[in-house]
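In the working numbering, the protein residues as written are 37 to 441.
As C-alpha cells, this is what we get:
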C-alpha cells in the first residue's frame with residue numbers, strides 16, 4: 037500500500053516540482069511514466085517483499101533493513117518507473133545494497149570476547165565523558181550563551197557565532213554528544229530510576245542547545261523515547277502505519293492543491309536522495325574524486341575549487357550556496373564509480389553486521405535510526421567520524437550489548 041500511494045504522489049506531484057523540471061531540461065529527458073519501467077519496478081518490489089518476510093523478527097537487522105527499504109529502496113523503484121532518466125545502474129546499486137544487508141544479517145560473528153560494563157557503570161562513564169567534553173565548549177561558547185534561544189529567539193545568530201568559533205574538537209563531538217550520548221544518559225537514568233542523572237542529562241542537552249542553537253539536538257532523545265517500549269516488529273508496524281497514513285493524507289491534500297505536507301516529508305525524505313543519485317551519476321561518471329576530499333586528499337587532488345556539494349548545487353539546482361549532500365550510493369559512485377559503490381555497500385553492511393551480532397534491546401533502536409538517516413544523506417566518513425557512527429559502535433559493544441552473565 038505504501039509503495040502504490042508513494043507511486044501516485046511521485047507521478048502526480050513530486051516530479052512536477054521545479055527541481056525535477058530543471059534537471060529533465062538539463063539532461064534533455066523527462067520523468068514521464070513508462071509502463072515497462074513500472075512493470076519491472078512492481079515485479080522487483082514483489083520479489084523484495086518475499087525476502088523481507090524471511091527476516092528474523094527478534095534481531096535489530098529487522099528494523100535496520102526495513103527502514104532502509106522504506107527510505108531509499110522504494111523511492112529507487114518508483115523513480116525507475118520514469119525509466120528514461122533514472123538509469124538501470126542506479127536501480128541495480130540500490131538492489132545490491134538491499135540484498136547485501138539481508139545476506140550480512142545472516143552471518144554470525146562471535147563478539148563475546150569483548151568485555152561489557154553493566155548499565156549502572158555505563159551511565160556513570162558516559163556522564164563523566166560528556167561533563168569533561170563540555171568544558172572546552174563552555175570556555176569558548178559559554179560567553180555567547182543567549183537564554184532567549186530557549187524560546188527559539190535569535191537561534192540563527194547563535195548558529196553563526198558557533199560557526200565562527202568552531203574547531204575540529206567541536207566538529208567531532210557535538211553531534212555524538214547531542215544525538216547519541218546525552219539522550220542515552222537520559223533514557224538509561226530513567227530506566228534505572230536515577231533522577232539525579234536524569235536532571236544532569238536534561239541540563240546537558242539544554243546547554244548544548246544553547247551552544248549551537250540547533251533544534252536537532254532534541255532529535256536523539258525524541259526518537260529514543262518514541263520507540264522505547266516496543267519490539268522490533270512493533271516498531272516496523274508503527275513506522276509503516278504512520279507512513280501510510282501520512283502518505284494518504286498528503287495525497288488527499290494534494291488533490292485540493294495543498295502541497296506543503298508532501299513537499300516537507302515525501303519530497304525531501306524520499307525523493308530528493310533519488311534525484312541526487314541522478315545528478316551524482318551524471319556529474320561524476322568517469323570523473324571520480326577518489327576520496328580526494330577526505331581520507332586520500334594527500335594522494336589525490338580534487339578537480340574542483342569548492343566542495344562537491346556546492347558543485348552539484350550550482351550545476352543541477354542553480355543554487356551555488358546549496359549543500360546538495362547525498363550519501364550511500366552517490367558518495368560511493370562519486371569517489372570511484374561502481375567499485376566505490378561496492379566498497380561503501382560492503383562497509384555499511386559490515387557495520388550493521390557487527391551491530392546485529394550484539395544483543396541490543398529494541399528500546400535503544402532510536403539511536404540506530406539516526407545513524408541510518410545519516411548514511412542516507414551524508415558521506416560514509418562523515419557519518420562515522422562526525423555524526424557518531426564510530427561512537428555508537430563502541431557504545432553498542434561495551435555498554436548496550438547485554439550478555440547472559
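All C-beta atoms, glycine included, are put in the ideal place defined by N, C-alpha and C. Computed from a prediction, not measured in an experiment: that's the story for all the values here.
When the Cα atoms are used, what is the spatial distance from residue 255 to residue 265? The residue given as residue 255 occupies position 219 in the chain shown. The residue given as residue 265 occupies position 229 in the chain shown. Straight-line Cα distance between these residues: approximately 18 Å.
Could you give the residue range of the alpha helix (DSSP H) that holds residue 60? Stepping through the chain shown from its first residue, residue 60 is reached at position 24. Segment 54-62, the alpha helix (DSSP H) holding residue 60.
For residue 63 and residue 406, the rounded distance between their alpha carbons: Here the question's residue 406 lines up with position 370 in the chain shown. Here the question's residue 63 lines up with position 27 in the chain shown. Going by the C-alpha atoms only, they are around 34 Å apart.
Residue 303 lies in the alpha helix (DSSP H); which residues open and close that run? Within the chain shown, the letter at position 267 stands for residue 303. Note, residue 303: premise wrong, no alpha helix (DSSP H); not H, not E.
Start and end residues, alpha helix (DSSP H) containing residue 392: Here residue 392 corresponds to residue number 356 of the chain shown, with the count starting at 1. Segment 365-392, the alpha helix (DSSP H) holding residue 392.
Straight-line gap, residue 283 to residue 350 (C-alpha atoms, nearest Å): For the purposes of this step, residue 283 is taken as residue 247 along the chain shown, with counting starting at 1. For the purposes of this step, residue 350 is taken as residue 314 along the chain shown, with counting starting at 1. Each residue's alpha carbon lies about 31 Å from the other.
Taking the C-alpha atoms as reference points, what is the distance between residue 153 and residue 159? Translated into the one-based positions of the chain shown, residue 153 becomes position 117. Translated into the one-based positions of the chain shown, residue 159 becomes position 123. Computed Cα separation, rounded: 10 Å.
Starting from the N-terminal side, write out each stretch of the alpha helix (DSSP H) that is 4 residues or longer and does not extend beyond the segment 265-291. 268-291
Quick one: Cα of residue 243 to Cα of residue 218, how far? Position 207 of the chain shown, counting from 1, holds the residue named residue 243. Position 182 of the chain shown, counting from 1, holds the residue named residue 218. Approximately 11 Å, taken between the alpha carbons.
Could you give the residue range of the alpha helix (DSSP H) that holds residue 178? Here residue 178 is taken as the residue at index 142 of the chain shown, counted from 1. Element bounds for residue 178: n/a, residue is neither H nor E.
Roughly how many whole angstroms lie between the Cα atoms of residue 396 and residue 143? The residue given as residue 396 occupies position 360 in the chain shown. The residue given as residue 143 occupies position 107 in the chain shown. C-alpha separation (whole angstroms): 16 Å.
Would residue 108 and residue 412 be called neighbours here (beta carbons separated by less than 8 Å)? Taking the first residue of the chain shown as position 1, residue 108 is located at position 72. Taking the first residue of the chain shown as position 1, residue 412 is located at position 376. It is a contact, given that the beta carbons lie within the stated cut-off.
Can you confirm whether the segment 233-248 touches the segment 161-179 when touching is taken to mean that 3 or more C-beta pairs between the two stretches lie within less than 8 Å? yes
Can the beta-carbon of residue 297 be found less than 8 Å from the beta-carbon of residue 286? Along the chain shown, one-based indexing puts residue 297 at 261. Along the chain shown, one-based indexing puts residue 286 at 250. A contact, by the Cβ cut-off of 8 Å.
Taking 8 Å as the limit between beta carbons, can you name the residues of its chain near residue 163, skipping five residues before and five after? Position 127 of the chain shown, counting from 1, holds the residue named residue 163. Hits under 8 Å: 221, 233, 236, 237.
Touch check for the segment 80-90 and the segment 372-391: three-plus C-beta pairs under 8 Å? no
Enumerated in chain order, which unbroken segments of the alpha helix (DSSP H) with a length of 4 residues or greater are wholly contained in the segment 183-228? 191-200, 204-211, 218-227
Shortest alpha-carbon distance to residue 39 belongs to which of 377, 56, 279, 382? Locating residue 39 in the chain shown gives position 3, where the first residue counts as 1. Out of 377, 56, 279, 382, 279 has the C-alpha closest to the C-alpha of residue 39.
Looking at C-alpha atoms only, which residue of 363, 342, 370 is the closest neighbour of residue 357? Translated into positions along the chain shown, residue 357 becomes position 321. Of the listed residues, the one whose Cα sits closest to residue 357 is 342.
On a Cα-Cα basis, can you pick out the residue from 56, 37, 41 that is closest to residue 315? Translated into positions along the chain shown, residue 315 becomes position 279. The option with the nearest alpha carbon to residue 315 is 56.
Given a threshold of 16 other Cβ atoms within 10 Å of its Cβ, counted over all protein chains shown, does residue 92 qualify as buried or as exposed? In the chain shown, counting from the first residue as 1, residue 92 sits at position 56. It is exposed - the Cβ of residue 92 has fewer than 16 other Cβ atoms within 10 Å.
For residue 318, does the three-state DSSP call read helix, strand or coil? In the chain shown, residue 318 corresponds to position 282, counting from 1. Of the three classes helix, strand and coil, the one that applies to residue 318 here is helix, per DSSP.
Roughly how many whole angstroms lie between the Cα atoms of residue 425 and residue 409? Translated into positions along the chain shown, residue 425 becomes position 389. Translated into positions along the chain shown, residue 409 becomes position 373. So the alpha carbons of these two residues sit roughly 11 Å apart.
To the nearest angstrom, how far is the alpha carbon of residue 122 from that of residue 111? Walking along the chain shown from the start, residue 122 turns up at place 86. Walking along the chain shown from the start, residue 111 turns up at place 75. Between residue 122 and residue 111, the C-alpha separation is close to 11 Å.
Quick check on residue 398: does DSSP put it in helix, strand or coil? Along the chain shown, one-based indexing puts residue 398 at 362. Residue 398: helix per DSSP, three-state reduction.
If you draw a straight line from the C-alpha of residue 20 to the C-alpha of residue 51, how long is it? Here the chain has residues from 37 to 441 only, and residue 20 is not among them.
Helix or strand or just coil, what does DSSP make of residue 122? By 1-based counting over the chain shown, the position of residue 122 is 86. Note: residue 122 maps to coil in three-state DSSP.
With a threshold of 16 other CB atoms inside 10 Å of the CB of residue 258, please say whether the residue is buried or exposed. Within the chain shown, the letter at position 222 stands for residue 258. By the 10 Å Cβ count, residue 258 comes out exposed.
How would you write the range of the alpha helix (DSSP H) that residue 84 sits in, first residue to last? As a working note, residue 84 is residue 48 in the chain shown. Element bounds for residue 84: 71-88.
In this structure, does DSSP put residue 3 in helix, strand or coil? With the chain covering 37 to 441 only, the question about residue 3 has no answer from this structure.
Taking the alpha carbon of residue 303 as the point to measure from, which residue in 114, 157, 337, 339 has its own alpha carbon closest? Residue 303 sits at position 267 when you count from the first residue of the chain shown. Considering only alpha carbons, the answer is 114.
So, with DSSP's three-state summary, where would you put residue 149? The sequence position of residue 149 within the chain shown is 113, counting from 1. Three-state DSSP puts residue 149 in coil, outside helix and strand.
Residue 319 versus residue 263: straight-line alpha-carbon distance, rounded: Counting from 1 along the chain shown, the entry for residue 319 is found at position 283. Counting from 1 along the chain shown, the entry for residue 263 is found at position 227. Each residue's alpha carbon lies about 39 Å from the other.
Which one of 393, 184, 368, 400 has the shortest CA to CA distance from residue 249? Sequence index remark: in the chain shown, residue 249 carries index 213 (1-based). Nearest C-alpha to residue 249: 184.
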